[in-house]
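**Student:**
Number of protein chains: 2
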Amino acid sequence: MPADFRAQLPALANKTYFNYGGQGPLPTPSLEAITASWRTIQELGPFTGAVWPFLDQISGRLRQRLAHWFGVPPQRLAFTENVTSGCVLPLWGLPWQAGDELLISDCEHPGVVAACRELARREGLTIASLPVADLRGTVAASATTVLERLEQALRPATRLVVLSHLLWNTGQVMPIAAVASRLACHRRHPWLLVDGAQSLGCIPLAEAAAAADIYACTGHKWCCGPEGLGAMALSERLLQEARPTLIGWRSLSQESSGSSGFHPDSRRFEVATSCLPLWAGLEQSLKLLEAQGSAEDRLAVIQQGSHRLWVGLQELGAATCLLEGPPPAGLVSFQLAGDAPGTVVKRLGERGIWIRSLDDPACLRACTHISTTSNEIDALLGALARL
Amino acid sequence: MPADFRAQLPALANKTYFNYGGQGPLPTPSLEAITASWRTIQELGPFTGAVWPFLDQISGRLRQRLAHWFGVPPQRLAFTENVTSGCVLPLWGLPWQAGDELLISDCEHPGVVAACRELARREGLTIASLPVADLRGTVAASATTVLERLEQALRPATRLVVLSHLLWNTGQVMPIAAVASRLACHRRHPWLLVDGAQSLGCIPLAEAAAAADIYACTGHKWCCGPEGLGAMALSERLLQEARPTLIGWRSLSQESSGSSGFHPDSRRFEVATSCLPLWAGLEQSLKLLEAQGSAEDRLAVIQQGSHRLWVGLQELGAATCLLEGPPPAGLVSFQLAGDAPGTVVKRLGERGIWIRSLDDPACLRACTHISTTSNEIDALLGALARL
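Protein chains in written order, with my numbering: chain A, 100 to 486; chain B, 100 to 486.
1. I'd like to know whether the C-beta of B/C374 is nearer than 9 angstroms to at least one C-beta of chain A.
2. Is it buried or exposed, B/V370, if we count other Cβ atoms within 10 angstroms and call 16 or more buried?
3. Tell me, please, whether the CB atom of A/Q230 is closer than 9 angstroms to any CB atom in chain B?
4. Let me know the secondary structure DSSP gives A/R367 once reduced to three states.
5. Taking contact to mean 3 or more Cβ pairs, one atom from each stretch, closer than 8 angstroms, check whether the segment 230 to 250 of chain B and the segment 399 to 407 of chain B are in contact.
6. Can you tell me which residues form a DSSP beta bridge with A/L465?
7. When Cβ atoms are compared, which residues of the segment 264 to 295 of chain B fall closer than 7 angstroms to chain A?
8. From A/P209 to B/G347, what distance separates their C-alpha atoms?
9. May I have the straight-line CA-CA distance separating B/L282 from B/T244, to the nearest angstrom?
10. Please identify the residue among A/N181, A/E222 and A/L188 whose C-alpha is closest to the C-alpha of A/L201.
11. Please compile the residues from chain A whose C-beta is within a distance smaller than 7 angstroms of the C-beta of B/D458.
12. Please go through the same chain and pick out, in chain order, the residues whose beta-carbon is closer than 6 angstroms to the beta-carbon of B/G493, but skip the five residues on each side of it.
13. Hey, is the segment 355 to 366 of chain A in contact with the segment 135 to 150 of chain A, meaning 3+ C-beta pairs nearer than 8 angstroms?
14. Between the Cα of B/F153 and the Cα atoms of B/A379, B/T471, B/V444 and B/D438, which residue gives the shortest distance?
15. Starting from A/C322, trace the beta strand (DSSP E) both ways and give me its first and last residue.
16. For B/A132, collect the residues of the same chain with a Cβ closer than 6 angstroms to its Cβ; drop the 5 residues on either side in sequence, then sort them by chain order.
17. Does B/I346 come out as helix, strand or coil in the three-state DSSP assignment?
18. Specify the secondary structure class of B/S204 as computed by DSSP and reduced to three states.
19. Ignoring anything shorter than 4 residues, give me the alpha helix (DSSP H) runs that lie fully in the segment 366 to 413 of chain B, in order along the chain.
20. Just mark B/R367 as buried or exposed, buried being the case when its beta carbon has 16 or more other beta carbons within 10 Å.
21. Specify whether the segment 324 to 344 of chain B and the segment 185 to 195 of chain B touch according to this definition: at least 3 beta carbon pairs, one from each stretch, less than 8 angstroms apart.
22. Would B/S432 and B/L447 qualify as a contact pair, given that the criterion is a beta-carbon distance under 9 angstroms?
23. How long is the line joining the alpha carbons of B/K445 and B/E335, rounded to whole angstroms?
24. Just to confirm, are A/T467 and A/G429 a CB contact at a threshold of 9 angstroms?
25. Please classify A/R485 as buried or exposed, where buried requires at least 16 other C-beta atoms within 10 Å of its C-beta.
26. Starting from the beta carbon of A/E326, find every residue of chain B whose beta carbon is closer than 9 angstroms, and list them in chain order.
27. Can you tell me the Cβ-Cβ gap for B/L249 and B/V293, rounded? I've got them flagged as a contact below 8 angstroms.
28. List the residues of chain B whose Cβ lies closer than 9 angstroms to the Cβ of A/H319, in chain order.
29. Starting from B/L299, find everything on chain A with Cβ-Cβ shorter than 8 angstroms and list it in chain order.
30. List, from N- to C-terminal side, the beta strand (DSSP E) runs of 3 residues or more that fit wholly inside the segment 272 to 336 of chain A.
31. Under 7 angstroms Cβ to Cβ from B/L111, same chain only, skipping five residues before and after it: list those, please.
32. State yes or no: is the beta carbon of A/Y116 nearer than 9 angstroms to at least one beta carbon in chain B?
33. Quick check: the segment 311 to 320 of chain A against the segment 112 to 122 of chain A, are at least 3 beta-carbon pairs closer than 8 angstroms?
34. Would you mind working out which of B/I157, B/Q141, B/W168 and B/I452 sits nearest B/E389, comparing C-alpha positions?
35. Tell me which same chain residues have a C-beta within less than 7 angstroms of the C-beta of B/A482, skipping the five on either side of it?
36. CA-CA distance, B/I157 and B/W137?
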């Protein structure tokens, strides 16, 4: 299955690449779609009555396609420059009250954590931690523990829960829909913010995205789209309760009037001019992925690779995988006796093999995607054995 | 001078284009710089130790070059996705007090106005208007009136003044440095937000940018850079007084820690992943402009065109220019007896001539840039005469 896809990724031609969770390779057809749309914009526009239908077509098509991936109506999907903006932007407009509590998992990205801390400082909120970093067993066992811990952590003041779908450090999958159901029973029904940075293009996300209040993704990791474009699904109640913060012509229902109201739908969280050619590139990348099978099919291929790597690491005396069983997705995190993670990354890089290190917990992370070959995995395992 | 520059703009090959104030044409070398950097990112990266020096070089070079254009140290320059974000982002982090007043000119862009209205609603601020739309005389006469009106409008509660440098509707230039000097004498020294959407690439802006607290620009209009990239210059006091709102790894001095402090410099207002290839494209566009002469030289060429157009419109019986004298920059706004502005735009578009309409005041706007030829101006005048 992945051979024809892989052939379209020039980044993989001269290296052994395992950093899909950092940034995915850009397929040649996607770069061509980007440059072709720029050429068309020059031919028709760039700011003319002739170009608007073309731009509407690019944006409309991607909104429709991504809404399908997210499993939400297009009216609930907003575009952002990156996943962090998608996580944070809607938060600033929610009706906070001093004393509200933010319950944040201990595996969230530093950018989101720092934004929540600043929000808490300004609005007089408290922050509590939901520990999930230590959940190294099966997805089912982890889910049970997450729900138990959530039960213990929920307080009358809890107003928001922040939890990634696929944890970027341990690679564990979180039970987002079950968490959402539990929150719906809380007297104040806390909002649920899901950082989906590692989800889109890696695991099926429709159930989780439909259950969350904010489900934010980026196109430049597992989707292999261009950097600088992400999207978020917003719940109906969030759209009603949250006000836009960063505001521009794209937020306004009448873009030529400063006293205009905001779009009633998710576009109220979009801002102003962004780079439409990137939208054409992301759409092309999504189409290439779709041609490789359904989200479930693709995850099965991803798991084949991550399981092979996990098993191989088990057999390597010096390595300890963070997860006790084969990973549920494509993130394989492990610790290695001996050199510091940063040193290992550098030495592997010198051999053209690219993985990354993480600080918390201190570990190494290799990602397998549908483009990853058995030979690549074996090359990594061999290089680790010879370090 | 402009012949070689013009030859690099494919958008101008098949149309008569006057919408530089909406979006500039993208030069072929800039598109090539964008695609070349994407190819290099694939070759070296996209997420590898080998690619970081290349990306640092792209971002460092553009920050340095743009800082020179803005006339501020690189530490005072931050990048944003668009000019509206550059205007609005720093505002949300300023230490507002209920009752503070925002003094906003009546020529500001709807996006910025709507953002200020939402800020006022949340923080309990009042909004007052500084009328400048009616200033149709010389720049010097307008400056005198602006300062008189500012004097009348300033109140003890005034905390922010919002004024564009080059008004997007009438095309008048505002005395930013003089306004800044006046505000410095006010007991509370109100912050000065300058929307420079029409400035960068059109008029010299170093004096104004250095005097403002926030001076926000975009690269995709007069600079002929790609859409989706802008920058803002921030004053030292703003950097000390304002807290970031949208926060991501690029805001943090230690990007791997959620309890990190923010960068002490302007990078605290940058967020997370953006599209670095666009940076390479904007740098190429700036270099092409620099090769055409200094900002002053280029403005002189722009004025030759706008003066020719303004004179020609004067001679056209049905047209009334908004400005009473030759425009100080490249924006030429006018009203036409007869058809509604939108109808005129459409009819000209059918002939391959592109200008735009504005709502407030209802008018037509044509822009001349260094790439505009006398033939194009005469073609527009001829077409208007024959409407």
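Backbone N, C-alpha and C define an ideal beta-carbon position, used for all residues, glycine too.
**Tutor:** On the basis of the data shown:
1. Walking along the second sequence from the start, residue 374 of chain B turns up at place 275. Chain A, which has a Cβ nearer than 9 angstroms to the Cβ of B/C374, makes this yes.
2. The residue given as residue 370 of chain B occupies position 271 in the second sequence. Counting other Cβ atoms within 10 Å of its Cβ, B/V370 reaches 16 or more and is therefore classed as buried.
3. Along the first sequence, read from residue 1 onward, the residue named residue 230 of chain A stands at position 131. This sequence places Pro at residue 230 of chain A; Gln is not what is there. With 9 angstroms as the cut-off, A/P230 does not count as an interface residue toward chain B.
4. As a position in the first sequence, residue 367 of chain A is number 268, starting the count at 1. A/R367 falls in the helix class under three-state DSSP.
5. no
6. Taking the first sequence and counting its residues from 1, the one referred to as residue 465 of chain A is at position 366. A quick correction: the sequence has Ala, not Leu, at residue 465 of chain A. Per DSSP, A/V431.
7. none
8. Sequence index remark: in the first sequence, residue 209 of chain A carries index 110 (1-based). Sequence index remark: in the second sequence, residue 347 of chain B carries index 248 (1-based). Going by the C-alpha atoms only, they are around 7 angstroms apart.
9. Sequence index remark: in the second sequence, residue 282 of chain B carries index 183 (1-based). Sequence index remark: in the second sequence, residue 244 of chain B carries index 145 (1-based). B/L282 and B/T244: Cα-Cα distance of roughly 16 angstroms.
10. Stepping through the first sequence from its first residue, residue 201 of chain A is reached at position 102. Considering only alpha carbons, the answer is A/E222.
11. In the second sequence, the residue the question calls residue 458 of chain B occupies position 359. Within 7 angstroms Cβ-Cβ: S355.
12. Residue 493 of chain B is absent from the model: chain B starts at 100 and stops at 486.
13. no
14. Position 54 of the second sequence, counted from the first residue, corresponds to residue 153 of chain B. Ranking B/A379, B/T471, B/V444 and B/D438 by Cα distance to B/F153 puts B/A379 first.
15. For this step, residue 322 of chain A is matched to residue 223 along the first sequence. Careful: A/C322 lies outside any beta strand (DSSP E) and carries neither H nor E.
16. The count along the second sequence starts at 1 and reaches residue 132 of chain B at position 33. Hits under 6 angstroms: A379, G380 and Q383.
17. Position 247 of the second sequence holds residue 346 of chain B. Of the three classes helix, strand and coil, the one that applies to B/I346 here is coil, per DSSP.
18. Start at 1 with the first residue of the second sequence, and residue 204 of chain B comes out as number 105. Strand.
19. 375 to 389
20. Residue 367 of chain B sits at position 268 when you count from the first residue of the second sequence. By the 10 Å Cβ count, B/R367 comes out buried.
21. yes
22. Locating residue 432 of chain B in the second sequence gives position 333, counting from the first residue. Locating residue 447 of chain B in the second sequence gives position 348, counting from the first residue. No. Outside cutoff.
23. What you label residue 445 of chain B is simply residue 346 of the second sequence in a count that begins at 1. What you label residue 335 of chain B is simply residue 236 of the second sequence in a count that begins at 1. Near 46 angstroms, if we compare the C-alpha coordinates of B/E335 and B/K445.
24. As a first step, residue 467 of chain A is located in the first sequence; it is residue number 368 there, counting from the start. As a first step, residue 429 of chain A is located in the first sequence; it is residue number 330 there, counting from the start. A contact, by the Cβ cut-off of 9 angstroms.
25. The residue you call residue 485 of chain A lines up with position 386 of the first sequence. The residue is exposed, with fewer than 16 neighbouring Cβ atoms inside 10 Å.
26. Mapped onto the first sequence, residue 326 of chain A falls at position 227. Chain B residues near A/E326: I140, P145, T372, S373, C374, L375 and P376.
27. Along the second sequence, read from residue 1 onward, the residue named residue 249 of chain B stands at position 150. Along the second sequence, read from residue 1 onward, the residue named residue 293 of chain B stands at position 194. Actually they are not in contact, since the Cβ atoms of B/L249 and B/V293 sit about 14 angstroms apart, beyond 8 angstroms.
28. The sequence position of residue 319 of chain A within the first sequence is 220, counting from 1. Close to A/H319, with beta-carbon spacing below 9 angstroms, are these residues of chain B in chain order: P145, T372 and C374.
29. Residue mapping note: residue 299 of chain B aligns to position 200 of the second sequence, counting from 1. Going along chain A, no residue has its Cβ under 8 angstroms from B/L299, so there is no contact; the nearest lies around 14 angstroms.
30. 290 to 294, 313 to 317 and 329 to 333
31. Within the second sequence, numbered from 1, the residue matching residue 111 of chain B stands at position 12. Result list for B/L111: R105, P124 and S470, in chain order.
32. Position 17 of the first sequence, counted from the first residue, corresponds to residue 116 of chain A. It does: the Cβ of A/Y116 has a partner Cβ on chain B nearer than 9 angstroms.
33. Output reads yes: the segment 311 to 320 of chain A touches the segment 112 to 122 of chain A.
34. On the second sequence, position 290 is the one that residue 389 of chain B refers to. Nearest option by C-alpha distance: B/W168.
35. Within the second sequence, the letter at position 383 stands for residue 482 of chain B. Cβ neighbours of B/A482 beyond the five flanking positions: L447, R450 and I452.
36. In the second sequence, residue 157 of chain B corresponds to position 58, counting from 1. In the second sequence, residue 137 of chain B corresponds to position 38, counting from 1. Cα to Cα, the separation comes out at about 12 angstroms.
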